[in-house]
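Report on the structure given below.
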Amino acid sequence: MTTMFVQLRRLVYLLVLLQCCMCVTHAEEDAVQKKAEQFLEKWVSEWEEPLVEGKGYKEVWNATVESCITNAKAARKVADRVDNLRKYIVEQRLRRDKGLWSEGAVRDKFVKLVKEAAEEVEKDLNVLQDAGVRVEEARYLVRMGGDAIDKMKVVWENRNNSRKQHTEVLKGVDEEKRSVAQGALIKRSKRVYDDMNQTYHELLVIKRRSIACAKELSNGVIVTKNKIYTAGKLMEEEKGRIPDEKMGYGVAVKKFAEAVKKSLGEELVRVTYFNNKTKADGEMFVVGRTSASAFAGAVKHHETKRTAANKTKLEAEVAAAREKARENMVRKKEEEEQEVRSLHEEKQRERERKKAEEEEKRRKEQERKDAEERRKEQERKKAEEEVKRAKEAARKAKEEQAKQELEKKAKEEMEKKKKKKDGSSSPALMHSPLLLLLVLMCVLGCTLVC
Numbered sequence: 005m006t007t008m009f010v011q012l013r014r015l016v017y018l019l020v021l022l023q024c025c026m027c028v029t030h031a032e033e034d035a036v037q038k039k040a041e042q043f044l045e046k047w048v049s050e051w052e053e054p055l056v057e058g059k060g061y062k063e064v065w066n067a068t069v070e071s072c073i074t075n076a077k078a079a080r081k082v083a084d085r086v087d088n089l090r091k092y093i094v095e096q097r098l099r100r101d102k103g104l105w106s107e108g109a110v111r112d113k114f115v116k117l118v119k120e121a122a123e124e125v126e127k128d129l130n131v132l133q134d135a136g137v138r139v140e141e142a143r144y145l146v147r148m149g150g151d152a153i154d155k156m157k158v159v160w161e162n163r164n165n166s167r168k169q170h171t172e173v174l175k176g177v178d179e180e181k182r183s184v185a186q187g188a189l190i191k192r193s194k195r196v197y198d199d200m201n202q203t204y205h206e207l208l209v210i211k212r213r214s215i216a217c218a219k220e221l222s223n224g225v226i227v228t229k230n231k232i233y234t235a236g237k238l239m240e241e242e243k244g245r246i247p248d249e250k251m252g253y254g255v256a257v258k259k260f261a262e263a264v265k266k267s268l269g270e271e272l273v274r275v276t277y278f279n280n281k282t283k284a285d286g287e288m289f290v291v292g293r294t295s296a297s298a299f300a301g302a303v304k305h306h307e308t309k310r311t312a313a314n315k316t317k318l319e320a321e322v323a324a325a326r327e328k329a330r331e332n333m334v335r336k337k338e339e340e341e342q343e344v345r346s347l348h349e350e351k352q353r354e355r356e357r358k359k360a361e362e363e364e365k366r367r368k369e370q371e372r373k374d375a376e377e378r379r380k381e382q383e384r385k386k387a388e389e390e391v392k393r394a395k396e397a398a399r400k401a402k403e404e405q406a407k408q409e410l411e412k413k414a415k416e417e418m419e420k421k422k423k424k425k426d427g428s429s430s431p432a433l434m435h436s437p438l439l440l441l442l443v444l445m446c447v448l449g450c451t452l453v454c
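Residue numbers (my numbering): 5 to 454.
Structural data, given as structure tokens:
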């Protein structure tokens, strides 16, 4: 008896120790989950603003790059048209010097092209100036968006592992025990990272396109402006050889020159050019900061002056795009919380539905068992009644048989008595009916007992 009590006491000690271990384990799990929640909340709130900033730059920057590309195409068309005009002027001068110049159709075509150029030059120069503005906008956004790209790079390269580790902690919580806040954090942190990852790589692509377009467009604009300026000088040199009063050539050249001066006057710089390394051959005006080597086509990078109004406009566009991105992010957050809450409620309803189904299933099973028990009880009672009826029928049949046998014996005795009475009479025969009656009563008594 004492040994049994000792063993029971040891078992109680083990159960208490196990309960303590379980409490400690649950406490540690709760602490780990709480830490994961706090980390993800801080992570999301810390990196949502850089994401908003990056999205703001992306929208405006991408539109600026597309505008830059569009302007580059327009500038190339202007360049081709101006280049064809310049080449035609040079070609016709060579033809004239060789005596191939005619006073007829060739010169008329030359004058016609010059007049057309004079009509188009202002529009062409506006295209080039607009292209220069797009170049400066693209460069400005490269500088402005660089900080946002660097911030997102930190998250993309260094901070994602911690996010994934803490997310896995919350994912490890059983779905029935996971709170709405935990589910929303899992979804929100993944959405912020995926959004930032996509925005970061899109900004890198936009940056490369922006730099490439700005470089190509800047160089192309300067080259084209120089070609326009050169074409104007070539036209000016031909004024003395073409009768102005007859063809209006001088008016067209003057119109061309005035448009060039109005558009390019502040950009013209005087440079010295060399045909060899030691002797200067002369001076000339060119567009932009350049050199003698640049005059051959290798034009150096040139930055057009940007007005404060354009910069303010660009910053306002970025701010508006940033605010729009922030509103979208708040809306997505609310939608995610609502989605997680709806999912949580749906799962709760599903659990309640399954529970109700299980209870209904158990109820029906119990009803089936009860019905089966009643059926078996009825069958048992029916079998007992059938056995009872069979016994009663057997008893009655036995009584009937005994009765018939007694009647038969009584009849036989009566016949015997009658025969004896006819032959002789004796005291024994006189008492035989009494004996027969006694035997009959004994038989009936035995039958009743059985």
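The beta-carbon is built from N, C-alpha and C at its ideal position, and this holds for glycine as well.
Identity of the residue in Phe260, Thr228, Leu221 nearest Gly236 by Cα: Phe260
Cβ shell of Gln186 (< 7 Å), same chain only, five flanking positions each side left out: Glu41, Leu174, Val177
Glu399 to Arg379, Cα distance in whole Å? The question names Glu, but residue 399 in the sequence shown is Arg. Going by the C-alpha atoms only, they are around 30 Å apart.
Apart from the five residues on each side of it in sequence, which residues of its chain come closer than 6 Å, Cβ to Cβ, to Leu44? His170, Leu189, Ser193
Thinking just about the alpha-carbon of each residue, which of Lys181, Ala135, Lys359, Ser49 is nearest to the one in Thr228? Ala135
For Arg147, is the classification buried or exposed, using 16 other Cβ atoms within 10 angstroms of its Cβ as the cut-off for buried? exposed
In whole angstroms, what separates the C-alpha of Gln96 from that of Lys231? 17 Å
Whether Val184 touches His348 by CB criterion (7 Å): yes
Candidates Arg357, Ile73, Lys119, Gly244: which alpha carbon is nearest Arg212's? Ile73
Pick out whichever of Gly58, Ala256, Val391, Glu70 has its Cα sitting closest to the Cα of Ala142. Glu70
Under a three-way DSSP split, which group does Arg182 fall into? coil
Sequence ranges, beta strand (DSSP E) only - wholly within the region 117 to 173, length at least 3: none
On the premise that Val344 lies in contact with Lys191, defined as a C-beta separation below 8 Å, what is that separation, rounded to the nearest angstrom? 6 Å
Check whether the Cβ atoms of Gly60 and Thr203 lie closer than 7 Å to each other. no
Would you kindly check if the distance between the Cβ of Glu321 and the Cβ of Val64 is under 7 Å? yes
Can the beta-carbon of Lys119 be found less than 7 Å from the beta-carbon of Ala256? yes
So Leu89 and Ala121 are in contact, right, with Cβ under 8 Å, and what is the actual spacing, rounded? 5 Å
Kindly provide the ranges of any alpha helix (DSSP H) runs that are 4 or more residues long and lie completely inside the region 39 to 114, ordered along the chain. none
Can you tell me where the alpha helix (DSSP H) with Glu242 in it begins and where it stops? Careful: Glu242 lies outside any alpha helix (DSSP H) and carries neither H nor E.
Tell me whether the beta-carbon of Ala78 lies closer than 7 Å to the beta-carbon of Val131. yes
Which word fits Ala324, buried or exposed, when buried means at least 16 other C-beta atoms lie within 10 angstroms of its C-beta? exposed
So Val177 is in the alpha helix (DSSP H); what residue range does that whole segment cover? From DSSP, Val177 is part of no alpha helix (DSSP H); its letter is neither H nor E.
To the nearest angstrom, report how far apart Glu389 and Lys415 are at their CA atoms. 38 Å
I believe Lys62 touches Ile210 by the beta-carbon criterion, under 8 Å. Please report the beta-carbon distance rounded to the nearest angstrom. 7 Å
So, under 8 Å CB-CB, Glu145 and Ser214 are touching, yes? Tell me the CB distance rounded to an integer number of Å. Going by the sequence as given, residue 145 is Leu instead of Glu. At roughly 7 Å, the Cβ-Cβ gap stays under 8 Å, so Leu145 and Ser214 are in contact.
For the alpha helix (DSSP H) containing Gly252, name the first residue and the last one. It is not in any alpha helix (DSSP H) - Gly252 carries neither H nor E in the DSSP assignment.
Could you tell me the distance, in whole angstroms, from the CA atom of Lys157 to the CA atom of Glu206? 12 Å
Please report the distance separating the alpha-carbon of Val36 from that of Arg163. 19 Å
Helix or strand or just coil, what does DSSP make of Thr294? The predicted model places Thr294 with a pLDDT of 37, which falls under 50 and marks its position as unreliable, so this point remains unresolved.
Under a three-way DSSP split, which group does Ala320 fall into? helix
For a test of the three-state rule: what should DSSP assign to Phe299, helix, strand or coil? Note that Phe299 scores 32 on pLDDT, short of 50, meaning its location in the model is unreliable and no value can be drawn from it.
Measuring alpha carbon to alpha carbon, tell me which residue in Glu53, Ala375, Gln408, Lys46 is nearest Val334. Glu53
Just the C-alpha distance for Lys385 and Lys351, rounded to the nearest angstrom, thanks. 50 Å
Near Leu117, which residues of its chain fall below 8 Å by C-beta distance, leaving aside the five closest residues on each side in sequence? Leu89, Tyr92
How big is the Cα-Cα spacing for Asp151 and Glu327? 18 Å
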